[in-house]
Amino acid sequence: MKIMTCPINGPRLISEFAYAGELKAMPDPAQATDEQWADYVFNKNGPAGIKREWWCHTSSGVWFIAERDTSRDVIVRTYLYTTEVPRT
Amino acid sequence: MFTQHDQLKSSYDVVIIGAGGHGLAAAYYLARDHGITNVAVLEKGYIGGGNTGRNTTIIRSNYLTPEGVQFYDESVRLWQDLSQDFDLNLFYSTRGHFTLAHTDAAMRTMRWRAEVNKHFGVQSEAVDAQSVQEAVPMMDISCGGHAPVVGALYHAPGAVARHDAVAWGYGRGADRRGVEIHQKTEVLSIETTDSGSGPAVSGVMTNRGHISTKRVLCAVAGSTPRLLSMVGLTSPLYIHPLQAMVSEPVKPWLDPIIVSGSLHVYVSQTARGELVMGASLDPYELHATRSTLDFAESLSMHMLEMFPFLGDVKVVRQWAGMADMTPDFAPIMGKTSVKGFYLDSGWGTWGFKATPVCGKTMSHTVATDQPHALITGFGLDRFRRYALTGEKGAASVGH
Chain A
1391 MKIMTCPING PRLISEFAYA GELKAMPDPA QATDEQWADY VFNKNGPAGI
1441 KREWWCHTSS GVWFIAERDT SRDVIVRTYL YTTEVPRT
Chain B
466 MFTQHDQLKS SYDVVIIGAG GHGLAAAYYL ARDHGITNVA VLEKGYIGGG
516 NTGRNTTIIR SNYLTPEGVQ FYDESVRLWQ DLSQDFDLNL FYSTRGHFTL
566 AHTDAAMRTM RWRAEVNKHF GVQSEAVDAQ SVQEAVPMMD ISCGGHAPVV
616 GALYHAPGAV ARHDAVAWGY GRGADRRGVE IHQKTEVLSI ETTDSGSGPA
666 VSGVMTNRGH ISTKRVLCAV AGSTPRLLSM VGLTSPLYIH PLQAMVSEPV
716 KPWLDPIIVS GSLHVYVSQT ARGELVMGAS LDPYELHATR STLDFAESLS
766 MHMLEMFPFL GDVKVVRQWA GMADMTPDFA PIMGKTSVKG FYLDSGWGTW
816 GFKATPVCGK TMSHTVATDQ PHALITGFGL DRFRRYALTG EKGAASVGH
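Chains A and B, in that order, give the protein sequences.
Mapped onto my numbering, the consecutive letters of the first sequence carry residue numbers 1391 to 1478.
Mapped onto my numbering, the consecutive letters of the second sequence carry residue numbers 466 to 864.
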């Protein structure tokens, strides 16, 4: 089975993890137009490539970011949201 | 079976990207029903080599929304005389289709689907566990005690067909009417010009040269997001692999098609005796057709819960296709905000059964520049309007 590295618990079987979709910047709900909000809610960065995604190590409840190459099924790296993704 | 064309022409009335069932069906109906034969079908690989040749060949119309039920019912009708149309045996075999319910909640959904279906004249009914046992005597109706079957949705028109022949039949029919099918021809970019009221398609660049055209139909399943990015469109489509596998041939014992959403299994037995089996989508986005042992293990485990006597039967092949999923489990078809760019996508795990009706409705849409009445609920702009067509309850297994 494929191995993914949890930033807290180290390498684990990928069946212990849940994929939760790509990391997207949320527009300000008070300012966004209906169209911008629909774009945020529905549209995806669909083509193959290296993507930043939310994942969860379900047995410990750790949420983190994984960068994956979706054309080759390769996990490039994983890290905690708080340490590497700037808060806006 | 097909004419080999050495060169692309410099222009076509319509360019169809993707020579799978959907693209070839659209080409066939464009030529047959609309008299448009100056058409090129471009295929990066070979005819029917994508999801057309990778699905589990099930045909049904027991959907949940009025849009879905009417659309697929028209498809089932078209399927039934396609062999005659093509003069090619599609091995279309009506088997009956049971969607098993293992809980009261699932049974409630089955009744709901049966009522919607009956309202639109589609043969579906809720049946009890005893009826399932009579139709499939070899099944352990208690599923090992883990998830006893409490009833099912029975859909008599449920059928299977030989999927490769569908692509060949449509391809040959289009070819004979003058459509050019170009295999090993990859689209590198799509050109647009400003028409005054937004962008409009003007040409396509391929690895075998340039084509001028004002109309492009995109029917490329898992590659749709890449094609959309060529014309500057975004969509809610996301790509997950869908795997399937087939067993060695065994004596005929399974006549109907059996689906269990709770156990993540759908299975039918082919005329050759093989069991064709599928389950749910892979759990994360991926643009590749690799197979996994996890899939074979978990599907086998659930198969054995229903059919413990299969313990010694071997799995002989396993494969995957790239399923283009949508948030509401309905397709995305019709016109787009780019003039002359028509989309037939979002076919996720439910595209094979829709092949004929997609060809019919998309050829109408391309020929008249107006969406066919059966597909108005499936436009790309429904997401911008928050007007989804919720079909998730009728997906064959819980995804």
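Ideal Cβ placement from N, Cα and C applies to all residues, glycine included.
If we cut at 8 angstroms on Cβ distances, does residue i have a partner in chain A?
i: Ile482 (chain B); result: no
i: Ser765 (chain B); result: no
i: Leu728 (chain B); result: no
i: Arg755 (chain B); result: yes
i: Asp759 (chain B); result: yes
i: Ser654 (chain B); result: no
i: Leu751 (chain B); result: yes
i: Leu693 (chain B); result: yes
i: Arg849 (chain B); result: yes
i: Pro796 (chain B); result: no
i: Pro792 (chain B); result: yes
i: Pro664 (chain B); result: no
i: Gly863 (chain B); result: Because Gly863 (chain B) sits at a pLDDT of 49, beneath the cut-off of 50, its placement in the model cannot be relied upon, and the point is left open.
For residue i, does the count of other Cβ atoms within 10 angstroms reach 16, so buried, or fall short, so exposed?
i: Asp413 (chain B); result: No answer is possible for residue 413 (chain B): it lies beyond the span of chain B, which begins at 466 and ends at 864.
i: Met1394 (chain A); result: buried
i: Arg737 (chain B); result: exposed
i: Gln708 (chain B); result: buried
i: Asp793 (chain B); result: buried
i: His628 (chain B); result: buried
i: Phe774 (chain B); result: exposed
i: Gly1451 (chain A); result: exposed
i: Met466 (chain B); result: exposed
i: Val601 (chain B); result: buried
i: Asp720 (chain B); result: exposed
i: Ile1440 (chain A); result: exposed
i: Asn1399 (chain A); result: exposed
i: Met1391 (chain A); result: exposed
If we cut at 8 angstroms on Cβ distances, does residue i have a partner in chain B?
i: Gly1400 (chain A); result: no
i: Ser1449 (chain A); result: no
i: Arg1442 (chain A); result: no
i: Glu1406 (chain A); result: no
i: Arg1467 (chain A); result: no
i: Thr1472 (chain A); result: no
i: Met1391 (chain A); result: yes
i: Asp1463 (chain A); result: yes
i: Glu1425 (chain A); result: yes
i: Pro1437 (chain A); result: yes
i: Ala1428 (chain A); result: yes
i: Thr1460 (chain A); result: yes
Helix, strand or coil: how does DSSP classify residue i here?
i: Met827 (chain B); result: helix
i: Ile512 (chain B); result: coil
i: Lys818 (chain B); result: helix
i: Asp809 (chain B); result: strand
i: Tyr1471 (chain A); result: helix
i: Glu856 (chain B); result: coil
i: Ala566 (chain B); result: strand
i: Val778 (chain B); result: coil
i: Met798 (chain B); result: strand
i: Pro1401 (chain A); result: strand
i: Gly738 (chain B); result: coil
i: Asp846 (chain B); result: helix
i: Val541 (chain B); result: helix
i: Thr833 (chain B); result: helix
i: Thr1395 (chain A); result: strand
i: Met1416 (chain A); result: coil
i: Ser756 (chain B); result: coil
i: Leu653 (chain B); result: strand
i: His470 (chain B); result: coil
i: Ser558 (chain B); result: strand
i: Gly863 (chain B); result: Confidence at Gly863 (chain B) is low in this model, with a pLDDT of 49, below 50, so its placement is unreliable and the value that follows should be read with caution. Residue state, collapsed to three classes: coil.
i: Ala1422 (chain A); result: coil
Within 7 angstroms: the Cβ of residue i and any heavy atom of the ligand NAP?
i: His567 (chain B); result: The ligand NAP is absent from the structure shown, which contains no ligand whatsoever.
Name the chain C residues whose beta carbon is nearer than 8 angstroms to that of residue i?
i: Lys1434 (chain A); result: The displayed structure is made up of protein chains A and B, and chain C is not among them.
Problem - In chain order, each alpha helix (DSSP H) run of at least 4 residues that lies wholly inside the stretch 661 to 736 of chain B - result: 689 to 695
Exercise for the section: Would you be able to state if there are at least three C-beta pairs under 8 angstroms between the stretch 786 to 802 of chain B and the stretch 712 to 728 of chain B? Expected result: no
Exercise for the section: For the stretch 570 to 649 of chain B, list the alpha helix (DSSP H) runs that are entirely contained and at least 4 residues long, ordered along the chain. Expected result: 594 to 600 and 628 to 641
Practice task
Indicate whether the contact test is met: 3 or more Cβ pairs, each with one atom in the stretch 467 to 484 of chain B and one in the stretch 771 to 788 of chain B, closer than 8 angstroms.
Solution key: no
Handout entry: Meets three-Cβ-pair contact criterion under 8 angstroms: the stretch 520 to 537 of chain B and the stretch 607 to 623 of chain B
Key = yes
Exercise for the section: Enumerate, from N- to C-terminal direction, the unbroken beta strand (DSSP E) stretches of 3 or more residues contained entirely within the stretch 1426 to 1465 of chain A. Expected result: 1440 to 1447 and 1452 to 1459
Handout entry: Meets three-Cβ-pair contact criterion under 8 angstroms: the stretch 765 to 773 of chain B and the stretch 595 to 612 of chain B
Key = yes
Exercise for the section: Kindly confirm or deny that the stretch 726 to 744 of chain B and the stretch 532 to 549 of chain B touch, where touching means at least three C-beta pairs closer than 8 angstroms. Expected result: no
Practice task
Could you pull out every unbroken alpha helix (DSSP H) segment of at least 4 residues lying fully inside the stretch 473 to 526 of chain B, listed in chain order?
Solution key: 486 to 499
Exercise for the section: State whether the stretch 817 to 832 of chain B contacts the stretch 557 to 576 of chain B, with contact taken as three or more CB pairs (one from each stretch) at a distance under 8 angstroms. Expected result: no
Problem - Segment contact, 8 angstroms Cβ cut-off, at least three pairs: the stretch 1418 to 1436 of chain A with the stretch 1397 to 1406 of chain A - result: no
Exercise for the section: Determine contact between the stretch 495 to 515 of chain B and the stretch 627 to 641 of chain B, defined as no fewer than three beta-carbon pairs at a distance below 8 angstroms. Expected result: yes
Exercise for the section: Would you check if there are 3 or more beta carbon pairs closer than 8 angstroms linking the stretch 656 to 671 of chain B to the stretch 752 to 764 of chain B? Expected result: no
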